[in-house]
Amino acid sequence: MRSRIKTELSDYFKNEILFPGIVKEYKIGFNEMILLNKAYAIMLVKEKLIDEVNGKLILQGLKKVQNGLTLKDLDGRYEELYFNVEQALIKEVGVKAGGKLHAGRSRNDIYATLWRMEVRKSVWVISQRIIALQEALLKKSAENIETVLTGYTHMQPAQPVTLGFYYIAAFNVLQRDFERVKNAYARTNLSPYGAAALAGTGFPVNRRTLSDLLGFDGILSNALDCVGSKDYLLEVESALAIMMVNISRMAQDHYLWCTDEFGLLDIGGEIAVCSSIMPQKKNPVSLELARAKAAHIMGALVSSLSSLKNTPFSLCMDLFESHSQYWDAHEEVLHSLGLLTETIKHSNLKKSIAFEKAKNNFSTVTALADYLVFKFNISFSEAHDIVGGMVAEVLDEGLTIEAMNSSLIKKVSKEILGKGLDLSQDEINDVLEPHKNVQSKKSIGGPGKDSVEKMIGEANDCLEAEKLWLKEAIAHVESAYGKIQMEENRILAFNPQRQ
């Protein structure tokens, strides 16, 4: 293949640049490389572009290469994984048969196909981890429907909610993340195979057969688009980067809850580490790692964007470089999801402490303002001023929420409205009680028990739909690979003497 180039590759270029890339591609996509070669051989036989004798030889050779080509056999002289596979095939069956496999195709469409096969496999694994985290969130949500927890805005106590309500919110974010990944998958799982270098081929290759055999959902219709586009990778990375931002925010909340100042969450020893010097320490490093590892996919996205920016719209080595950071980031995404899943499973909210904080940090007083509106038909602005005035007076005196009594409300309301409002202490206590406060929220999506139970039911339905989609997506590809095996067996069974 290097007949045009009369000189050998330099040792540096061969050993330091090309060979590491060959090794990495072998580890990630050797099986897919063999499958796409088998699919092409089968298509050539079906379309009578080669006879079954040569088809059998090629498939026999590919089988030997699949079982016999190891890392130690790879050679930088052959520039990349495809040529290493081709050379191994020719060594097995000779150039007259092995050389026929490349008719009508190019490294360009081969690698465009290989990358999409690799990325869709990545999406499957990541999707399984998303589902596992969602399952953990749903389980904890169902167990904590009535576990009161302070909700914060601007990191200040805002209103009481429940832990079950919080975890359903986290589930819903992940559901949208899953949808983004799923949508990116739909544009990834389209076949560029058969596009050749960039302009198609004069050989009557059947691109739809190739697509069907390799489990794609359809073909990309333009040959230049087939080999020149990498936007599907950017879309997958973008979806994952958004998800990792969401994961980092969930991790940060739990991290704060673990602090002595919050004192809300007990992290299990299963995912905590000790200090080398301070014997009292129980460090929640699973959350630190989940949060930190979220950065790697963002780096991969920036790397891909930067690699592709200002490149020609065709194949060039920039396209190879554009996914060079993806696979390390893929592993870090899996770890980040796994770490947060394990943390959710092995952590428990300190319920009594959470309740007491919600009871005493004035987060319940918005409901008192609401109650004044309902009972006395005053405007919410007036009610807001009254309750705000009460809180200010209590805090100025160094008192606690118990000082929010009927005499204080009468005093402050008279100052603001010109008339005192009569509210019994029992009424005030009921409104400010955290459990009752949570249940008072009537709007759709609120933290009350009925509302959260409804959201859990909807989340379970959503989770089942996600599992079904993933199962069907994998089964579709595995079924296609089964067709490759069936056609391979048929061709390998060919006996020219019986014809």
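According to our numbering, the sequence shown holds residues 416 to 914 in order.
Each residue gets a CB set at the ideal place from its N, CA and C atoms; glycine is no exception.
Computed from a predicted structure; not experimentally measured.
Rounded to a whole number of angstroms, what is the C-alpha to C-alpha distance between residue i and residue j?
i	j	result
THR568	ASP681	23 Å
PHE795	MET570	24 Å
ILE420	ASP627	37 Å
GLU561	MET819	25 Å
LYS765	ALA709	27 Å
GLU848	LYS869	24 Å
PRO727	ILE906	41 Å
GLY714	GLN740	8 Å
GLY897	GLY683	44 Å
VAL432	ASN499	What sits at residue 432 in the sequence shown is Ile, not Val. The alpha-carbon atoms of ILE432 and ASN499 are separated by roughly 15 Å.
LYS851	GLU650	45 Å
ARG664	LEU451	41 Å
LEU605	PHE909	32 Å
GLU757	ASN763	12 Å
PRO435	GLU902	34 Å
ILE843	TYR786	9 Å
ASP466	VAL460	6 Å
LYS829	LEU823	10 Å
PRO619	GLU462	8 Å
MET458	ASP640	22 Å
ALA707	TRP884	30 Å
GLU746	LYS439	14 Å
ALA784	MET805	11 Å
Bridge partners of residue i, per DSSP?
i	result
VAL576	LEU564
VAL688	ASN698
ILE682	SER762
GLN590	GLN590 pairs with nothing; no bridge assigned.
GLN740	Partner(s): none; GLN740 has no beta bridge.
GLN571	THR568
Would a C-beta distance cut-off of 7 Å place residue i and residue j closer than the cut-off?
i	j	result
ARG447	LEU529	One point to set straight first is that residue 447 is Glu, not Arg, in the sequence displayed. In contact: GLU447 and LEU529 (Cβ atoms closer than 7 Å).
LEU755	ALA666	yes
ILE712	ALA744	yes
LEU723	SER737	yes
THR921	ARG535	As displayed, the chain neither begins before 416 nor continues past 914, which places residue 921 out of reach and without an answer.
GLU685	HIS750	no
PHE593	GLU881	yes
LEU477	ILE437	no
GLY630	VAL892	yes
SER778	ALA573	yes
GLY833	LYS825	no
ILE541	VAL748	yes
ALA798	VAL788	yes
VAL827	ILE801	yes
THR616	GLY519	yes
TYR441	LEU516	no
TYR493	VAL538	no
ALA705	LYS697	no
ALA656	ARG595	no
GLN854	GLY863	yes
VAL480	ALA503	yes
ALA454	ILE889	no
HIS614	ALA638	The amino acid occupying residue 614 in the given sequence is Ala; His does not appear at that position. Cβ atoms of ALA614 and ALA638: closer than 7 Å.
ASN775	ILE816	yes
GLY491	ASN430	yes
LEU720	VAL642	no
TYR670	LEU635	no
VAL402	ALA782	Past the boundaries of the shown model lies residue 402; the chain is included only from 416 to 914, so the question cannot be answered.
GLU501	ILE443	no
LYS645	LEU752	no
I want to see whether chain C comes within less than 7 Å of residue i, judged by CB atoms only; does it?
i	result
ILE801	Considering every chain present, this structure includes no chain C. It has just one protein chain.
Counting only runs of 4+ residues fully inside the segment 466-494, write out the alpha helix (DSSP H) ranges in chain order. With a minimum length of 4 residues, the continuous alpha helix (DSSP H) runs that stay inside the segment 466-494 are 467-483.
Scan the segment 594-672 and note each continuous beta strand (DSSP E) run of 3 residues or more that stays entirely inside, going in chain order. Listed in chain order, nothing qualifies, since the segment 594-672 has no complete beta strand (DSSP E) run of 3 or more residues.
Alpha helix (DSSP H) runs wholly inside the segment 443-468, at least 4 long, in chain order: List check, alpha helix (DSSP H) in window: nothing returned.
So, does the segment 593-612 touch the segment 521-539, judging by three or more C-beta pairs under 8 Å? Yes: the two stretches touch, three or more of their Cβ pairs being nearer than 8 Å.
Per the contact definition of three or more C-beta pairs closer than 8 Å, is the segment 572-587 in contact with the segment 545-559? Result yes; three or more Cβ-Cβ pairs closer than 8 Å.
Check whether the segment 504-520 touches the segment 466-477, counting contact only when three or more Cβ pairs, one atom from each stretch, lie closer than 8 Å. Yes, the segment 504-520 is in contact with the segment 466-477.
Stretch-stretch touch, CB-based, cutoff 8 Å, three pairs: the segment 583-592 with the segment 539-554: Yes, since at least three Cβ pairs between the segment 583-592 and the segment 539-554 fall closer than 8 Å, the two stretches touch.
Going residue by residue through the segment 872-903, where are the continuous alpha helix (DSSP H) segments of at least 4 residues, counting only ones entirely within it? Counting whole runs of 4 or more residues, the segment 872-903 contains no alpha helix (DSSP H) stretch at all.
What ranges does the alpha helix (DSSP H) occupy inside the segment 501-536, keeping only unbroken runs of at least 4 residues that lie completely in it? You should have 510-513.
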